[in-house]
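One gets our numbering by counting positions in the sequence shown from 1 and adding 480 to each. Don't be surprised by glycine CBs; every beta carbon is placed ideally from N, CA and C.
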Amino acid sequence: MKTTLRFMLIAMAHIALLLGAYATHLFGLAFILPYSIVVFIWLAGTSALAAWGYFSVSKALRLPAWGKYCLSAMMLAGSLYTGIFLALNLLGT
Numbered sequence: 481m482k483t484t485l486r487f488m489l490i491a492m493a494h495i496a497l498l499l500g501a502y503a504t505h506l507f508g509l510a511f512i513l514p515y516s517i518v519v520f521i522w523l524a525g526t527s528a529l530a531a532w533g534y535f536s537v538s539k540a541l542r543l544p545a546w547g548k549y550c551l552s553a554m555m556l557a558g559s560l561y562t563g564i565f566l567a568l569n570l571l572g573t
């Protein structure tokens with residue numbers, strides 16, 4: 481239960497960071513840098529933080545190393561998809 485709660489908290493933080501960064505135009509960087517660089521920073525930065533969090537929580541589970549990587553990747557893909565879906569549908573393109 482404790483591990484599941486931690487996974488959910490990381491997912492919610494990842495989604496909130498994706499929404500917040502998109503809503504503020506990546507904290508003003510969208511007005512300075514080219515669009516492709518801003519999107520790369522937005523997606524890669526938030527995903528790297530979330531992946532680190534997911535993998536650190538998955539260390540508590542009794543899984544082989546490949547299982548921890550797969551679980552972290554699936555959780556990351558789910559929260560990334562949800563965050564981008566909500567950002568584009570709630571805030572527009």
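Buried or exposed, going by whether 16 or more other CB atoms sit within 10 Å of the CB of Phe-487? When all chains shown are included, Phe-487 counts as buried.
Buried versus exposed call for Thr-526 [16 or more other C-beta atoms within 10 Å across all chains shown]: Its Cβ being crowded by 16 or more others within 10 Å, Thr-526 is buried.
Nearest to Ile-521 by alpha carbon, out of Trp-532, Tyr-534, Phe-507? It is Phe-507 whose Cα lies nearest to the Cα of Ile-521.
Under 7 Å between the Cβ atoms of Leu-509 and Val-519? One thing to note: Leu-509 has its Cβ no nearer than 7 Å to the Cβ of Val-519.
Would Ala-491 pass as a contact of Ser-559 if the rule is Cβ separation under 7 Å? At a Cβ-Cβ threshold of 7 Å, Ala-491 and Ser-559 count as neighbours.
Using a 10 Å radius around the Cβ and a threshold of 16 neighbouring Cβ atoms, would you call His-505 buried or exposed? That one is exposed.
Can you have a look at Gly-533 and say buried or exposed, based on whether 16 or more other CB atoms are within 10 angstroms of its CB? Gly-533 comes out buried.
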